[in-house]
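Notes for the one structure printed next.
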Amino acid sequence: MSKNSLERHASVDAQLRLLAPGKVSEDDKLVEYDALLLDRFLDILQDLHGEDLRETVQECYELSAEYGRKQDLKKLDELGNVLTCLDPGDSIVVASSFSHMLNLANLAEEVQIAHRRRIKLKKGDFADENSAPTESDIEETLKRLVVQLKKSPQEVFDALKNQTVDLVFTAHPTQSIRRSLLQKHARIRNCLAQLNAKDITPDDNQELDEALQREIQAAFRTDEIRRTPPTPQDEMRAGMSYFHETIWKGVPKFLRRVDTALKNIGINERIPYNAPLIQFSSWMGGDRDGNPRVTPEVTRDVCLLARLMAANLYYSQIEDLMFELSMWRCSDELRVRANELHQSSKKDAKHYIEFWKQIPPNEPYRVILGDVRDKLYNTRERSRHLLSSGYSDIPEEAAFTNVEQFLEPLELCYRSLCSCGDRPIADGSLLDFLRQVSTFGLSLVRLDIRQESDRHTDVIDAITRHLGIGSYRDWPEEQRQEWLLSELRGKRPLFGPDLPQTEEVAEVLDTFHVIAELPDDNFGAYIISMATAPSDVLAVELLQRECRVKKPLRVVPLFEKLADLEAAPAALARLFSIDWYRDQINGKQEVMIGYSDSGKDAGRLSAAWQLYKAQEELIKVAKQYGVKLTMFHGRGGTVGRGGGPTHLAILSQPPDTIHGSLRVTVQGEVIEQSFGEEHLCFRTLQRFTVATLEHGMHPPISPKPEWRALMDEMAVVATKEYRSIVFQEPRFVEYFRLVGPSFMVSDNLVFGNNRGMLMRSIFLYDLNTWQRPPRNCLDTGVGIMPLFLSNSHSFDVIRALSDSEIFCDSGTSFKGCYAKYGKLVSFYFLKGKKLVPIPELLPSFQGKETLATKARGGWQLATPELEYGRMNIGSRPSKRKPSGGIESLRAIPWIFAWTQTRFHLPVWLGFGAAFKHIMEKDIRNLHTLQEMYNGWPFFRVTIDLVEMVFAKGDPGIASLYDKLLVSEDLWPFGERLRTNYEETKHLLLQVAGHKDLLEGNPYLKQRLCLRDSYITTLNVCQAYTLKQIRDPSFHVKVRPHLSKEIMDSSKPAAELVKLNPTSEYAPGLEDTLILTMKGIAAGMQNTGVDDADIDMVQQKVTVTGYVDQKKVLKAVRKTGRRAVLWPYPYNVEHQTYTQEYYHQLHPTPVHHLIFNSIPHSYNYYKHGYNDSDMHGHYQKPAYAHIVDERTRSLFSDDNPNACSIM
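Residue numbers for the sequence shown follow the working numbering, so the first one is 23 and each next one is one higher.
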């Protein structure tokens, strides 16, 4: 970059103001915040690494920005030339710089959103989710239900106190940012917020600015990469840390706000402390589906650790409660108990800091609580002993063994205070403590167990074979059910210690033994993944009985794939028709539906519609048999895995499917954004509570029959289109593996001493195992050559190829396999279409040398990238089966791959074909689609989320990956996909009635604009790094070191690349690659789809998406102004207006108060439209209380971290 150019762009602040679309409103400080953080960061970068490196970073930024403005692909080539010439150390520093700048941009967004909300609250603006995490959101909802929807306060109270929202924490995908960095980011966020406080003094400003620089530098100096994968215990500890930091105190704070809201609608009762309003569960340490690291021992340790954490939290608070309850007046019941305890305890307790001497009898509450403290101490120490050594000399009766024992003395104190006229005291900290005990119990969270259905089939098969009655696996479904029911109704034990057990069978049985051993309050549900039939559920019920589980876990089938969702209602009906089963479930059933795998199986459109229909049918079946059905939503954090704004997601569910009971997963990637700070925790609890209540008391509309017919037809077309490309296109798998980061993981098929090398493209053919993998796993393409084992040389291999079937001996290393079969079989590799024997190949592998490195030397046997696994962001493999194709690839890495390349194929593929088919069939269907978009929350939410993903996509970036990583003969295929992308985007905009993406959301456009240059640089860096990794012939001329730290003789140049000495790649490439992956992941997060803003200068309110119009009115009225509501740009005809005006004067049913169309954006003017309006729409004077009921009072989560695109 020239000197003049550098001078022109020396100020990052100036650059940003050129790039950003300008201030969106008077309180818009996003550009200001972003510039401040980046100026500080670049100063730090220059101090540490010198001016040359800073100039390189700024040059990369400028080239990316120019590409963003002009979409000139030549700028990507120029940027690639700059990046590929960097030496390994400089490359790592530059990648890390852009990754950090993206994180800082995210922090600026969060502070800006919080700032806008504070401003709106001070002005008395909106009281909704879209504009502020206000203290009155729950209150506004309750008032609306009572005043507008004519629900009685008692109805609302009854619904609320009987409602249950169970938030299930999962570890996968684990948050990609290390916890060390998350804590530093929180401090940066706090510093930035305080710097913009109005009452800040000059000294405060200086100290805060120093603290800000310190935290930014500390974050930059912290290694972003996890050097070892987390264990399930690590994941559990990380997840549970949020309970200690925010959730523990957040729950009683939120429930107290619910009490206040109830009081303000005339209910003087508080939510009962034992009301199940908010519950927490976890999969961390219990989810063993495809994760061999989650063993029975791990599950046991996680349960004991959770009990230890819970006891610690209670113990830390009990002395505060003892200080508070110093009263002497009490009930007779409590005094008798206090006297008994005082007489039985004469010793001082020297291991306590406070109240260590014997408490006098004239402080009866403290005597009672002192005994509680003693038992909590014993509970904590007993859990510690059991966790560390498996044995404790503290007797079980000296500790709390169940929550009822814990609650009893606390309830006694509460009753005593109330009876003595001290209810205000009782409703203070004691009530909060009671609510914590009721919510968290002794186990903090209830652990769900998840296991794949085939694993249970293996166990039952081993039992039936041992009994000599045949192979359970070979039985038809009816025979399985008949046998299982006969055993469940009988009492004989099925097996003893002599049962022959494989390692897999023993693991399943040992898990049930752990469940039987530990207290039942440790566990929640037993989830059966890949459930397909009633026998899957009955098998688990039988295994629980056989392993002597005293209080069986509720068994929850998880229906994931499209065919399973279609068959789920019939399977549930069959279960409910069984008398034994209905007696077992006691009128309650839970069913989990999977968003991730259904989307991967059929595409987003078809999966979303089938999930919708499946819920409707499952509810019908449950009602038919008088069973209360709870839907467990296995939503991911990304749009491709079912993610989206919380409130909208719940309110777009079919009517009657929630009905006061909801379970939903909180993915590891979004736990920080949902619970990382106290106000986020409060908002998250509020969102789920309000949406669940509103859905139950005011359900969304059901789709019209013609809408259903159109959706059915579109789903068929979309599925066909999706599967024709993903599963039937012969070279798709090859294209997928080459076009971006591949997803080989670190736990299978290990070669020599090379940690974590999985050869996913290699298949072992063994006639003795006869295990059938996915049928298309041979579609590995050019350069990907499967290896086979065969007893009859090429004959059987060719037969397998012709049948498109391969039988795998999975889980065995090649060295071990050769040692076992080397003298009995022949080894082959596929070169083109020719099978070449290589019996001499495998014995030559020694030490770290792998088949992959041999391949790079000339055979091109496989692409050995472990990119996703190398990120070490989770303990779980990225594939359920190491030998499978796309079908066995987990949804998380599947979505992650396309997000990294900015192509998002799983989200949009199928939509274009469906829209095109429907419109070509009858152009009037376009009007029907627009009507669906305007009137049906489910369809609108689906379309809006896909539109948001298109706004983040960039086919130009995707084409760069093609050019660098894909063979030329595959370029036409990539071009065909990008053409499909553009056509789909165009059709989607037609359906939504938009000219441009996000045309009504200037805030989101601004955020994406600010991020784009950082992400583009990381994309280009990633693409060229993959090129260097995959193509040994790709050579570049490396520039001399730029970093002054690296040039410093006291700091060797290799220092930055020593952190991963086991990498078989060239120095620095792996770290650079992982840094780009993490940076892109941070930049592609979801920033919401809805927004609202009041412009008091032009006297209008612009709303994008769903916002309760009543609240718009109220917000405007609080400013002292008057507002009228009419949708824009809707051409209000005289007849329509007259009808609406008439309906307002003559009360009619709610469904009559509906406009013909709900547009995407509204402008609310003080005096309505006039003839000079730029859109040419004239509006007659209207009344301020006209409300469009079809919005259903939906809110958006205006939170950039509502979910992450990972």
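Glycine included, C-beta positions come from ideal geometry on N, C-alpha and C.
Where residue i sits in the DSSP three-state scheme
i: residue 959; result: helix
i: residue 191; result: strand
i: residue 304; result: strand
i: residue 579; result: strand
i: residue 647; result: coil
i: residue 402; result: helix
i: residue 613; result: strand
i: residue 1237; result: There is no way to answer for residue 1237, as the model of the chain reaches only from 23 to 1228.
i: residue 600; result: coil
i: residue 569; result: coil
i: residue 1023; result: coil
i: residue 246; result: coil
i: residue 296; result: coil
i: residue 517; result: coil
i: residue 512; result: coil
i: residue 970; result: helix
i: residue 208; result: helix
i: residue 446; result: helix
i: residue 113; result: helix
i: residue 999; result: helix
i: residue 1057; result: coil
i: residue 105; result: helix
i: residue 1016; result: coil
i: residue 263; result: helix
i: residue 555; result: coil
i: residue 1160; result: With a pLDDT of only 33 at residue 1160, under 50, the local geometry of the prediction cannot be trusted, and the value read off the model is given with reservation. Here residue 1160 sits in helix by DSSP.
Unbroken beta strand (DSSP E) run spanning residue i, endpoints
i: residue 650; result: 650-656
i: residue 479; result: Residue 479 -> not in any beta strand (DSSP E); alpha helix (DSSP H) instead, spanning 475-489.
i: residue 684; result: 683-688
i: residue 545; result: 545-551
i: residue 467; result: Here residue 467 belongs to no beta strand (DSSP E), and DSSP marks it neither H nor E.
Beta-bridge partners of residue i, as assigned by DSSP
i: residue 459; result: Partner(s): none; residue 459 has no beta bridge.
i: residue 186; result: 683
i: residue 471; result: 548
Endpoints, the alpha helix (DSSP H) within which residue i is located
i: residue 336; result: 318-346
i: residue 270; result: 270-285
i: residue 977; result: 977-987
i: residue 928; result: 927-930
i: residue 383; result: Careful: residue 383 lies outside any alpha helix (DSSP H) and carries neither H nor E.
i: residue 431; result: 425-441
i: residue 361; result: 354-366
- Message: Any contact between the segment 1050-1066 and the segment 66-84? By contact I mean 3 or more CB pairs, one from each, below 8 Å.
- Response: yes
- Message: With three or more C-beta pairs closer than 8 Å as the rule, is the segment 506-522 touching the segment 539-546?
- Response: The segment 539-546, when compared against the segment 506-522, does not touch it at the 8 Å Cβ threshold.
- Message: Threshold first: 3 residues or longer. Then list the beta strand (DSSP E) segments lying entirely within the segment 699-776, N to C.
- Response: none
- Do the segment 83-103 and the segment 1035-1050 meet, that is, are 3 or more Cβ pairs less than 8 Å apart? yes
- Query: Between the segment 161-180 and the segment 714-726, do at least 3 Cβ pairs fall closer than 8 Å?
  - Reply: Two segments are said to touch when three or more pairs of C-beta atoms, one from each, lie closer than 8 Å; by this definition the segment 161-180 touches the segment 714-726.
- Task: Would you check if the segment 727-739 and the segment 200-217 touch, i.e. whether three or more CB-CB distances between them fall below 8 Å?
- Result: no
- Task: Please confirm if the segment 956-974 is in contact with the segment 1040-1054, defined as three or more CB-CB distances below 8 Å between the two stretches.
- Result: no
- Would you check if the segment 214-232 and the segment 332-342 touch, i.e. whether three or more CB-CB distances between them fall below 8 Å? no
- Which parts of the segment 52-102 are runs of the beta strand (DSSP E), unbroken and 3 residues or longer, counting only runs that do not cross its ends? none
- Message: Quick test of the definition: if touching needs 3 or more C-beta pairs under 8 Å, does the segment 263-276 touch the segment 698-710?
- Response: The segment 263-276, when compared against the segment 698-710, does touch it at the 8 Å Cβ threshold.
- Query: Would you call the segment 430-439 and the segment 376-395 touching, i.e. three or more CB-CB distances under 8 Å?
  - Reply: yes
- Query: Would the segment 627-640 and the segment 925-937 be scored as touching if the rule is three or more Cβ pairs under 8 Å?
  - Reply: yes
- Do the segment 180-194 and the segment 298-316 make contact, defined as three or more Cβ pairs closer than 8 Å? yes
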